[in-house]
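Peer 1: Numbering (my numbering), first residue to last: 265 to 508.
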Ligand code: 0FX
């Protein structure tokens with residue numbers, strides 16, 4: 265029997281993944297045993313799962329030898345920790361990533377795709393030593409429309425991640441897949457996102473670019489974009505777009 269670990273910090277995806285393995289009969293299967301973990305510093309999950317015995321908090325970099333000894337395969341389904349080299353070089357680690365690698369690898373890919381028009385989507389790939397970078401198992405593009413915000417694009421991407429998992433999970437678990445290596449693409453970090461959030465009131469650009477920036481920073485209740493007024497007040501803003 266293969267011991268599989270699913271590491272996630274994303275509540276919706278955790279539920280959707282558990283439903284998927286039920287649907288596929290993989291939860292009661294003698295070939296695979298699924299185990300679940302989340303990041304030790306994910307306060308929401310620590311609270312939510314404090315009485316659960318089927319999912320545990322983990323600090324990956326302190327548990328590398330244990331993980332190598334115990335698991336045949338480790339999935340990162342939006343796990344916020346970076347996997348150390350020793351881990352990815354000794355256990356097959358698979359990343360389910362909300363971006364179309366190698367475009368806009370890293371932080372919040374759809375935000376940057378709305379800004380720089382590089383393609384966006386979802387990718388399942390083997391993890392190597394670089395961020396969102398290893399050999400690609402499968403991927404699918406998601407079209408971003410003029411009326412999309414970060415949130416609506418993100419929701420479409422999560423659906424595609426689940427579609428890719430549904431179509432490929434069994435092949436991946438059985439190591440019966442081929443991979444493609446694409447170019448290096450480009451990488452955005454959290455700092456690049458944070459830098460975008462302050463809107464310069466004197467910035468001169470086309471309306472198209474201003475709108476793109478605001479819709480890239482509009483994501484439900486998150487207070488991303490802000491301006492600073494003459495008195496130093498920080499004022500948050502977001503964009504509402506409605507297609508007729
Ligand atoms: O779990 P996740 O959807 O994914 C993120 C990264 O996008 C992904 O590249 C990485 N592999 C994964 C480990 O972490 O992240 P989230 O739930 O923190 O954010 C989901 C979306 O919410 C994000 O794409 C944009 C939006 N958001 C999030 C935060 C925290 C904002 O607009 N502002 C924020 O401050």
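Note that CB positions come from ideal geometry on N, CA and C, so glycine has one too.
What you are looking at is a predicted structure, and each value in this text was computed from that prediction instead of being measured.
Could you tell me the distance, in whole angstroms, from the CA atom of residue 377 to the CA atom of residue 500?
Peer 2: The count along the chain shown starts at 1 and reaches residue 377 at position 113. The count along the chain shown starts at 1 and reaches residue 500 at position 236. Going from the Cα of residue 377 to the Cα of residue 500 covers about 22 Å.
Peer 1: Does the pairing of the segment 328-337 with the segment 361-370 give three or more beta-carbon distances under 8 Å?
Peer 2: no
Peer 1: I'd like to confirm the pairing. Which residues does DSSP put opposite residue 387 in its beta bridges?
Peer 2: Residue mapping note: residue 387 aligns to position 123 of the chain shown, counting from 1. Answer by DSSP bridge pairing, in chain order: 361 and 403.
Peer 1: Tell me the rounded alpha-carbon separation between residue 289 and residue 283.
Peer 2: Counting from one through the chain shown, the residue named residue 289 turns up at place 25. Counting from one through the chain shown, the residue named residue 283 turns up at place 19. The straight-line gap from Cα to Cα measures roughly 10 Å.
Peer 1: My guess is that residue 339 and residue 270 are in contact by the Cβ rule of under 8 Å, so how many angstroms apart are they, rounded?
Peer 2: Stepping through the chain shown from its first residue, residue 339 is reached at position 75. Stepping through the chain shown from its first residue, residue 270 is reached at position 6. Confirmed, about 5 Å.
Peer 1: Whole angstroms are fine: how far does the CA of residue 321 sit from the CA of residue 315?
Peer 2: Translated into positions along the chain shown, residue 315 becomes position 51. Translated into positions along the chain shown, residue 321 becomes position 57. Each residue's alpha carbon lies about 12 Å from the other.
Peer 1: Which residues in the same chain as residue 507 place their Cβ atom closer than 7 Å to its Cβ, once the five residues preceding and following it in sequence are excluded?
Peer 2: On the chain shown, position 243 is the one that residue 507 refers to. Excluding its 5 nearest sequence neighbours in each direction, residue 507 has C-beta neighbours in its own chain below 7 Å: 411, listed in chain order.
Peer 1: Run through DSSP, which three-state label would residue 348 get?
Peer 2: As a working note, residue 348 is residue 84 in the chain shown. DSSP places residue 348 in coil when its eight states are reduced to three.
Peer 1: Excluding five sequence neighbours on each side, which residues of the same chain lie with their C-beta closer than 6 Å to the C-beta of residue 336?
Peer 2: In the chain shown, counting from the first residue as 1, residue 336 sits at position 72. Exclusion of the five residues before and after residue 336 leaves 266 and 267 as the residues of its chain whose Cβ lies within less than 6 Å of its Cβ.
Peer 1: Rounded to whole angstroms, how far is the Cβ of residue 375 from the Cβ of residue 480, which I believe are closer than 8 Å?
Peer 2: Your numbering for residue 375 matches position 111 in the chain shown. Your numbering for residue 480 matches position 216 in the chain shown. Indeed, because the Cβ distance is near 5 Å, the residues count as touching under 8 Å.
Peer 1: Here's the rule: buried if 16 or more other CB atoms are within 10 angstroms of the residue's CB, otherwise exposed. What is residue 286?
Peer 2: Here residue 286 corresponds to residue number 22 of the chain shown, with the count starting at 1. Flag for residue 286 reads exposed.
Peer 1: Put residue 426 into one of helix, strand or coil per three-state DSSP.
Peer 2: Numbered from 1 along the chain shown, position 162 holds the residue referred to as residue 426. Helix.
Peer 1: Could you tell me the alpha carbon to alpha carbon distance between residue 385 and residue 417, rounded to whole angstroms?
Peer 2: On the chain shown, position 121 is the one that residue 385 refers to. On the chain shown, position 153 is the one that residue 417 refers to. Cα-Cα distance, rounded: 9 Å.
Peer 1: Helix or strand or just coil, what does DSSP make of residue 507?
Peer 2: Numbered from 1 along the chain shown, position 243 holds the residue referred to as residue 507. Note: residue 507 maps to coil in three-state DSSP.
Peer 1: Say the cut is 8 Å; is the CB of residue 486 nearer than that to a heavy atom of ligand 1?
Peer 2: As a first step, residue 486 is located in the chain shown; it is residue number 222 there, counting from the start. Yes.
Peer 1: My guess is that residue 390 and residue 401 are in contact by the Cβ rule of under 8 Å, so how many angstroms apart are they, rounded?
Peer 2: Here residue 390 corresponds to residue number 126 of the chain shown, with the count starting at 1. Here residue 401 corresponds to residue number 137 of the chain shown, with the count starting at 1. Between residue 401 and residue 390 the Cβ distance is about 7 Å, and since that is below 8 Å, they are a contact.
Peer 1: Can you tell which of 354, 473, 302 and 454 has the C-alpha that lies nearest to the C-alpha of residue 395?
Peer 2: In the chain shown, residue 395 corresponds to position 131, counting from 1. The candidate whose alpha carbon is nearest that of residue 395 is 454.
Peer 1: Taking the straight line between their C-alpha atoms, what separation do you get for residue 468 and residue 462?
Peer 2: Working through the chain shown from its first residue, we reach residue 468 at position 204. Working through the chain shown from its first residue, we reach residue 462 at position 198. About 15 Å.
Peer 1: With H, G and I counted as helix, E and B as strand and the rest as coil, what does DSSP make of residue 366?
Peer 2: As a working note, residue 366 is residue 102 in the chain shown. It is coil, neither helix nor strand.
Peer 1: Determine the burial state of residue 477: buried for a count of at least 16 other Cβ atoms within 10 Å of its Cβ, exposed for fewer.
Peer 2: Locating residue 477 in the chain shown gives position 213, counting from the first residue. With 16 or more other Cβ atoms within 10 Å, it is buried.
Peer 1: Would you mind working out which of 317, 466, 325 and 274 sits nearest residue 308, comparing C-alpha positions?
Peer 2: Residue numbering aside, residue 308 sits at position 44 when the chain shown is read from its first letter. Nearest of 317, 466, 325 and 274 to residue 308, Cα basis: 274.
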